[in-house]
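Residue numbers (numbering that gives the first Met the number 0): 0 to 453. For every residue, glycine included, the Cβ atom is placed at its ideal position computed from N, Cα and C. Given the structure is predicted, the values throughout are model-derived calculations rather than measurements.
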Amino acid sequence: MDIKQYIKENENRFLDELFSLIRIPSISALPQHKEDMLACAERWRQLLLEAGADEAMVMPSQGNPLVYAEKHVSPDTPTVLVYGHYDVMPAEPLELWKSQPFEPETRDGHIWARGADDDKGQAMIQAKAFEYLVKENLLKHNVKFILEGEEEIGSPSLNAFLQEHKELLKADVILVSDTSMLGADLPSLTTGLRGLAYWEIEVTGPNRDLHSGHFGGAVANPINVLCDLIAQMTDEDGRITVPHFYDDVEEVPAAEREMIASIPFDEKKYMEAIGVKALKGEKGYSTLERNSCRPSFDVCGIWGGYTGEGSKTVLPSKAYAKVSCRLVPHQDHEKISRLFADHILSIAPDYVTVKVTPMHGGEGYVCPISLPAYQAAEKGFTQAFGKKPLAVRRGGSIPIISDFERILGIKTVLMGFGLESNAIHSPNENFPLDIFRKGIEAVAVFHQELDKQK
């Protein structure tokens with residue numbers, strides 16, 4: 000049976016199985032979902048066994064458990080390690096969802112739910128392509144799966160797990176579906192990712208909240224000071240002002256800039272889709288360069304003082320912000336983390352106390368298009384989507400990808416099927432059924448093309 004027919008005959012079951020995962024609110028950021036994490040891992044274990052794995056197990060880590068499964072074909076054939084994650088982002092704000100985030104629905108040709116794309120839907124693509132190859136006796140190489148439950152909080156436990164289980168995870172290439180394409184009619188393969196550094200800043204002024212009438216104008220307001228510090232992080236040209244921040248930033252080669260410029264991109268539609276009237280970023284670079292090949296600085300959250308209903312004339316004791324930098328390949332996130340913290344402390348005025356707490360981070364990554372596994376993925380996309388995929392760098396971060404290369408010595412092919420319109424991390428996350436089907440076909444072809452390269 001060919002792959003299209005297999006998908007058609009089994010699609011209802013595929014969706015039922017995906018929905019059984021989505022209904023488990025495996026939110027890694029919230030400790031009250033600890034039992035849900037275990038339940039979701041166990042459900043994945045069952046599904047991978049049913050798909051054809053020889054063995055599957057839920058393995059402990061320093062944090063949430065991981066799911067490991069494998070299908071052994073022969074010691075003389077290559078091994079593909081499939082990576083995914085079963086944790087999801089919180090669903091808030093709930094009032095903006097058109098349907099319940101953990102009660103999946105299909106409507107208008109889309110799956111609607113938290114995790115529909117990121118990453119339960121995309122990981123299911125991998126599992127169902129694998130199932131097809133096993134059931135039809137087409138799998139000619141070994142396949143391993145590793146699914147973690149902490150990707151959305153920076154994979155804090157995975158590094159140690161990789162170090163501890165190097166032999167178990169030994170493979171020739173890693174395959175990941177957790178990235179996006181340029182568009183439904185513009186299939187693309189991600190060849191690069193940005194790294195990440197993340198901090199929390201705490202600014203403390205007086206030893207308690209003060210009456211703004213009695214003390215305003217005489218005592219520094221921590222929120223005002225925090226805003227001033229943040230405003231100093233970028234200059235008028237959109238460049239980050241931390242000393243030595245750009246020391247390891249490699250300028251985008253002219254040939255690559257020409258390739259990026261050739262990517263079909265409509266800035267007007269881009270702005271309309273996100274509801275902005277104009278774009279802003281680093282001077283001298285295009286929008287596609289700014290959000291993929293250049294570093295950036297963003298405030299991810301800021302709070303302090305009174306934010307309840309009505310008014311309260313208070314001069315707060317403390318103010319907080321969570322901030323991040325997207326990094327490019329060759330920038331060491333630990334080095335950047337130190338440089339940023341040192342810089343904030345050096346410019347902080349003496350009338351407040353400033354504390355900078357580093358949080359998670361990771362390195363950038365580049366996959367060469369000459370890699371045989373990349374070329375197999377390219378052929379998979381070409382068959383499923385009817386056109387050769389573009390090779391693009393993306394602005395997101397998957398810190399563990401660089402760790403795979405550093406610890407396991409394995410390159411990763413980023414064979415993702417997401418779309419910007421899928422609204423991952425946002426209300427009304429969704430995944431087009433058409434892309435779900437094409438993704439399964441593309442991954443099945445990837446495995447078969449890889450066998451031809453022996």
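Exercise for the section: Express the C-alpha separation of HIS210 and PRO328 in angstroms, rounding to a whole number. Expected result: Start at 1 with the first residue of the sequence shown, and residue 328 comes out as number 329. Start at 1 with the first residue of the sequence shown, and residue 210 comes out as number 211. Using only the alpha carbons, I get a separation of about 48 Å.
Problem - Own chain residues within Cβ distance below 8 Å of HIS71, not counting five before or after - result: Within the sequence shown, the letter at position 72 stands for residue 71. Residues of the same chain with a CB within less than 8 Å of the CB of HIS71, apart from the 5 flanking positions on each side, are ASP53 and ASN141 in chain order.
Exercise for the section: Go ahead and pull the three-state DSSP assignment for HIS140. Expected result: As a working mapping, residue 140 is identified with position 141 in the sequence shown. Coil at HIS140, not helix or strand.
Problem - Neighbourhood of PHE296 by C-beta distance below 6 Å, restricted to the same chain and skipping five residues each side - result: As a first step, residue 296 is located in the sequence shown; it is residue number 297 there, counting from the start. Excluding sequence positions up to five before and after PHE296, its CB lies within less than 6 Å of the CB of MET232, THR233, ILE239 and CYS324, all in the same chain and listed in chain order.
Exercise for the section: Helix, strand or coil for HIS213, going by three-state DSSP, please let me know. Expected result: As a working note, residue 213 is residue 214 in the sequence shown. When secondary structure is reduced to three states using DSSP, HIS213 falls in the helix class.
Handout entry: For LYS354, the three-state DSSP class (helix, strand or coil)
Key = Translated into the one-based positions of the sequence shown, residue 354 becomes position 355. It is a strand residue.
Practice task
Would you kindly work out how many angstroms separate the C-alpha atoms of ALA50 and LYS127, rounded to a whole number?
Solution key: Within the sequence shown, residue 50 is the residue found at index 51, counting from 1. Within the sequence shown, residue 127 is the residue found at index 128, counting from 1. Between ALA50 and LYS127, the C-alpha separation is close to 7 Å.
Problem - 6 Å Cβ shell around ALA347 - same chain, five flanking residues per side excluded - result: By one-based count along the sequence shown, residue 347 stands at place 348. Excluding residues within five positions, the ones whose Cβ falls inside 6 Å are VAL353.
Problem - Whole-angstrom distance between LEU185 and PHE264, CA atom to CA atom - result: To locate residue 264, count along the sequence shown from 1; it is residue 265. To locate residue 185, count along the sequence shown from 1; it is residue 186. For PHE264 and LEU185, the distance between alpha carbons rounds to 10 Å.
Handout entry: Spatially closest choice to GLY274 from SER420, ARG106 and HIS446, by CA coordinates
Key = Translated into positions along the sequence shown, residue 274 becomes position 275. The residue with the shortest Cα to Cα distance from GLY274 is SER420.
Practice task
Within the region 194-278, note down every full beta strand (DSSP E) run reaching 3 residues or more, in order along the chain.
Solution key: 194-203
Practice task
Over the uninterrupted beta strand (DSSP E) stretch that includes LEU370, give me the two end residues.
Solution key: Along the sequence shown, read from residue 1 onward, the residue named residue 370 stands at position 371. LEU370 -> no beta strand (DSSP E), and no H or E assigned at all.
Exercise for the section: Please state whether DSSP places ALA68 in a helix, a strand or coil. Expected result: Counting from 1 along the sequence shown, the entry for residue 68 is found at position 69. Looking at ALA68 - three-state DSSP - the assignment turns out to be strand.
Exercise for the section: Assign PHE384 to one of three DSSP states: helix, strand, or coil. Expected result: Residue mapping note: residue 384 aligns to position 385 of the sequence shown, counting from 1. PHE384: helix per DSSP, three-state reduction.
Exercise for the section: With a floor of 4 residues, list each alpha helix (DSSP H) that falls wholly inside the region 388-415, ordered by position along the chain. Expected result: 398-402
Practice task
Determine the contact status of PRO74 and ASP171, defining contact as a CB-CB distance below 8 Å.
Solution key: As a first step, residue 74 must be located in the sequence shown, where it is residue number 75. As a first step, residue 171 must be located in the sequence shown, where it is residue number 172. No, they are not a contact pair.
Handout entry: Neighbourhood of ASN220 by C-beta distance below 6 Å, restricted to the same chain and skipping five residues each side
Key = As a position in the sequence shown, residue 220 is number 221, starting the count at 1. LEU314.
Exercise for the section: Run the CB neighbour count on TRP198, radius 10 Å, all protein chains shown included, and call it buried at 16 or more, exposed below. Expected result: The sequence position of residue 198 within the sequence shown is 199, counting from 1. So TRP198 counts as buried.
Handout entry: With 16 other Cβ atoms within 10 Å as the buried cut-off, status of HIS243
Key = Here residue 243 is taken as the residue at index 244 of the sequence shown, counted from 1. Exposed is the call here.
Practice task
Could you spell out the range, first to last residue, of the beta strand (DSSP E) harbouring GLY191?
Solution key: In the sequence shown, the residue the question calls residue 191 occupies position 192. Element bounds for GLY191: 187-192.
Exercise for the section: Work out the CA separation of PRO24 and LEU168 for me, nearest whole Å. Expected result: Counted from its first residue, the sequence shown places residue 168 at position 169. Counted from its first residue, the sequence shown places residue 24 at position 25. In a straight line, the C-alpha of LEU168 is about 28 Å away from that of PRO24.
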